[in-house]
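Visitor: Residue numbers (the numbering used here): 646 to 748.
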Amino acid sequence: MLGRRRELASADTGSFRTHPDQGATDCLMQLTSTLTCPHCGHRASETMPTDTCQFFYECTGCGTLLRPEAGDCCVFCSYGDVPCPPIQEAEQTGRPASCCSGS
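(1) Helix, strand or coil: which one does DSSP assign to Arg-650?
(2) My assumption, with CB atoms under 8 Å, is that Cys-718 sits in contact with Cys-744. Please give the rounded CB distance.
(3) To the nearest angstrom, report how far apart Glu-691 and Gly-708 are at their CA atoms.
(4) Let me make sure I understand the geometry here. Which of Pro-741, Phe-721, Val-727 and His-687 has the alpha-carbon closest to that of Gly-706?
(5) Do you know offhand how far Thr-738's Cα is from Gly-725's?
(6) Provide the residue span of the beta strand (DSSP E) that contains Glu-691, from first to last.
(7) Tell me the rounded alpha-carbon separation between Arg-712 and Ser-678.
(8) Whole angstroms is fine: what's the gap from Leu-680's alpha carbon to Val-720's?
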C-alpha cells in the first residue's frame, strides 16, 4: 500500500507525509517510537519501518527478545509510545490497517 504512494521524508521531525494515489487526505506519520522493555524498563528510541511490521526487537538493556503481544501487529504497537505507520494511517483515514487486514 505505501509502495504506491509518494513519501516526503523529514529528518528533522522523524515523520513523513503520504500522498495517496486516489481520494484520501494527506496523513502525517510519526516515524520514531520509544520502546520500553517490559522486563527491565529500559527505554530506547527507534525508527520504525514504513513498509513492514517489525516482529522482533532485542532490548539493548537486558537482551530480551521482544515479540508483539497477542492482537498487536508489531513490537512498536505492543511496547512503543507511538504505534507503527500502518496503524497510524488507519487511525487517520478510518480504513483498515494494511498490516492487519489480511489482504
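No residue lacks a Cβ here, since even glycine has one placed at the ideal position from N, Cα and C. Given the structure is predicted, the values throughout are model-derived calculations rather than measurements.
Guide: By the coordinates alone:
(1) At Arg-650 the pLDDT is 33, less than 50, meaning the model places this residue with poor confidence and gives no usable figure here.
(2) Taking the Cβ atoms as the reference, Cys-718 lies roughly 5 Å from Cys-744, within the contact range of under 8 Å.
(3) Rounded to the nearest whole angstrom, the C-alpha separation of Glu-691 and Gly-708 is 16 Å.
(4) Of the listed residues, the one whose Cα sits closest to Gly-706 is His-687.
(5) For Thr-738 and Gly-725, the distance between alpha carbons rounds to 21 Å.
(6) Taken as a continuous stretch (DSSP letters only), the beta strand (DSSP E) holding Glu-691 covers 688 to 692.
(7) Using only the alpha carbons, I get a separation of about 16 Å.
(8) Roughly 8 Å between the two C-alpha positions.
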